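In full-length UniProt numbering, the protein residues as written are 1 to 306. Don't be surprised by glycine CBs; every beta carbon is placed ideally from N, CA and C. These numbers were taken from a predicted model, which means no experiment stands behind them. Below is one structure, written out as structure tokens, with a few remarks after it.
Structure below.
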């Protein structure tokens with residue numbers, strides 16, 4: 001990659017030193033060295049084939065469950081948009097692009113009377129990220145729907161993988177290292193009255209609104225639930241409800257959510273998370289693991305763990 005012409009024969013938008021904070025739900029973070037918005041899968045493959053093997057590549061979705069670090073994102077950052085957000089009916093399921101919002105997929109399935117998608121209406125992200133982390137809520141997760149996923153490898157090769165090959169577990173999907181999700185087929189659990197599905201989604205949304213700080217600058221659940229435990233209960237028991245560090249705060253409403261109270265930095269958010277992990281470990285002997293993805297260059301003051 002050169003500063004003037006890092007790629008040849010691409011058709012999408014490429015920008016150097018692109019600010020990213022406004023894309024994050026936390027509204028924090030540095031700039032991308034290079035931000036690329038490809039026109040389609042072939043355009044993305046053309047760029048990937050030109051990437052040196054040691055060039056960092058990061059894919060951003062809805063940025064709902066990430067901390068973009070203050071040092072910025074090195075190498076190439078990819079944002080999927082446009083046709084990557086398509087949602088198409090396909091017999092007893094839907095073929096959905098990686099950039100399609102989870103809530104939009106849920107609404108499309110509901111109108112078609114497809115059962116099993118309602119939980120997606122409560123997840124603030126896109127399907128690419130949901131597949132990568134096997135996102136779930138209210139007793140459902142992507143593994144219960146996924147038929148197959150199409151990916152581009154780091155070398156720009158298209159592959160279609162069946163769900164059975166992905167070893168999907170709680171908040172985990174085994175995708176090839178460096179691969180990028182392009183689209184997925186989600187299979188319905190059967191037919192259901194659209195009105196009944198809409199009622200289920202309304203009840204789920206109301207429950208979420210009542211228990212989570214949805215109107216704040218937050219990033220969703222901060223830590224995964226340890227086996228046999230609920231992360232929020234461990235955090236509460238360790239005295240961290242409402243804990244602050246700079247402009248970052250643990251939510252009073254739901255203490256597995258971090259908030260940007262207005263002027264937080266990504267460094268402060270990550271440091272607060274590490275403070276919580278330390279206090280929970282001291283109190284309970286249980287190590288919390290981040291559910292929020294932390295991307296980019298950390299500042300030296302943050303000592304982060306898994």
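(request) Flag this pair as yes or no: are the beta carbons of residue 152 and residue 41 separated by less than 8 Å? (result) For residue 152 and residue 41, yes; Cβs fall inside 8 Å.
(request) Could you tell me the distance, in whole angstroms, from the CA atom of residue 234 to the CA atom of residue 207? (result) Between residue 234 and residue 207, the C-alpha separation is close to 21 Å.
(request) Tell me whether residue 278 sits in a helix, a strand or coil according to DSSP, three-state version. (result) Note: residue 278 maps to helix in three-state DSSP.
(request) Return helix, strand or coil for residue 26, following the three-state DSSP convention. (result) Three-state result, residue 26: coil.
(request) May I have the straight-line CA-CA distance separating residue 242 from residue 133, to the nearest angstrom? (result) If I take the Cα positions, the gap works out to 28 Å.
(message) Please identify the residue among 253, 259 and 264 whose C-alpha is closest to the C-alpha of residue 246.
(response) For residue 246, the nearest C-alpha among the options comes from 264.
(message) Taking the alpha carbon of residue 43 as the reference point, which residue from 166, 273 and 80 has its own alpha carbon closest?
(response) Among 166, 273 and 80, the Cα nearest to that of residue 43 belongs to 80.
(request) With DSSP collapsed to three states, give me the class of residue 236. (result) Assignment of residue 236 by DSSP, reduced to helix, strand and coil, places it in the helix class.
(request) Using a threshold of 8 Å, state whether the C-beta atoms of residue 61 and residue 139 are closer than that. (result) No; because the gap between Cβ atoms is not below 8 Å, this pair is not in contact.
(request) Alpha carbon to alpha carbon, how far is residue 275 from residue 211? Give it in angstroms, no decimals. (result) So the alpha carbons of these two residues sit roughly 23 Å apart.
(request) With distances taken Cα to Cα, identify the nearest neighbour of residue 23 among 35, 12, 14 and 13. (result) Comparing Cα positions, the closest option is 35.
(request) Take every Cβ of the segment 51-58, pair it with every Cβ of the segment 83-94, and state whether three or more of those distances are shorter than 8 Å. (result) Put simply, the segment 51-58 does not touch the segment 83-94. Fewer than three CB pairs are less than 8 Å apart.
(request) Count the other C-beta atoms from every protein chain shown that fall within 10 angstroms of the C-beta of residue 254, then say buried if there are 16 or more, exposed otherwise. (result) Its Cβ being crowded by 16 or more others within 10 Å, residue 254 is buried.
(request) Scan the segment 14-65 and note each continuous alpha helix (DSSP H) run of 4 residues or more that stays entirely inside, going in chain order. (result) If one requires a minimum length of 4 residues, the alpha helix (DSSP H) runs lying completely within the segment 14-65 are 41-49, in chain order.
(message) Quick check on residue 297: does DSSP put it in helix, strand or coil?
(response) It is coil, neither helix nor strand.
(message) Suppose you measure from the CA of residue 197 to the CA of residue 115; what does that come to, to the nearest Å?
(response) About 7 Å.
(message) Quick check on residue 271: does DSSP put it in helix, strand or coil?
(response) Residue state, collapsed to three classes: helix.
(request) Count the other C-beta atoms from every protein chain shown that fall within 10 angstroms of the C-beta of residue 268, then say buried if there are 16 or more, exposed otherwise. (result) A buried status is given to residue 268, since no fewer than 16 other beta-carbon atoms sit within 10 Å of its beta-carbon.
(request) Run the CB neighbour count on residue 72, radius 10 Å, all protein chains shown included, and call it buried at 16 or more, exposed below. (result) By the 16-neighbour rule on beta-carbons within 10 angstroms, residue 72 is buried.
(message) Between 291, 261 and 218, which has its C-alpha nearest residue 321's C-alpha?
(response) No answer is possible for residue 321: it lies beyond the span of the chain, which begins at 1 and ends at 306.
(message) Nearest by alpha-carbon distance to residue 159: which of 148, 293 and 220 is it?
(response) Nearest option by C-alpha distance: 148.
(message) Starting from residue 102, trace the alpha helix (DSSP H) in both directions and tell me its first and last residue.
(response) Unbroken alpha helix (DSSP H) run through residue 102: 102-111.
(request) Report the three-state DSSP secondary structure of residue 123 (helix, strand or coil). (result) Coil at residue 123, not helix or strand.
(request) Over the uninterrupted alpha helix (DSSP H) stretch that includes residue 194, give me the two end residues. (result) Counting along the chain, the alpha helix (DSSP H) containing residue 194 begins and ends at 194-211.
(message) Let me confirm a value: residue 289 is counted as buried when at least 16 other C-beta atoms fall within 10 Å, else exposed. Which label applies?
(response) That one is exposed.
(request) Go ahead and label residue 162 buried or exposed: buried means 16 or more other beta carbons lie within 10 angstroms of its beta carbon, across all protein chains shown. (result) It is exposed - the Cβ of residue 162 has fewer than 16 other Cβ atoms within 10 Å.
(request) Put residue 114 into one of helix, strand or coil per three-state DSSP. (result) Note: residue 114 maps to strand in three-state DSSP.
(message) Considering just the uninterrupted stretch of the beta strand (DSSP E) at residue 79, what are its terminal residues?
(response) Its beta strand (DSSP E) spans residues 73-79.
(message) Need the endpoints of the beta strand (DSSP E) that residue 221 sits in, please.
(response) Here the beta strand (DSSP E) through residue 221 covers 217-221.
(message) With a threshold of 7 Å on Cβ separation, who are the neighbours of residue 286 within its own chain once the five nearest residues in sequence on each side are excluded?
(response) Within the same chain, and ignoring the five residues on either side of residue 286 in sequence, the residues whose Cβ sits closer than 7 Å to its Cβ are 226, 229, 234 and 280.
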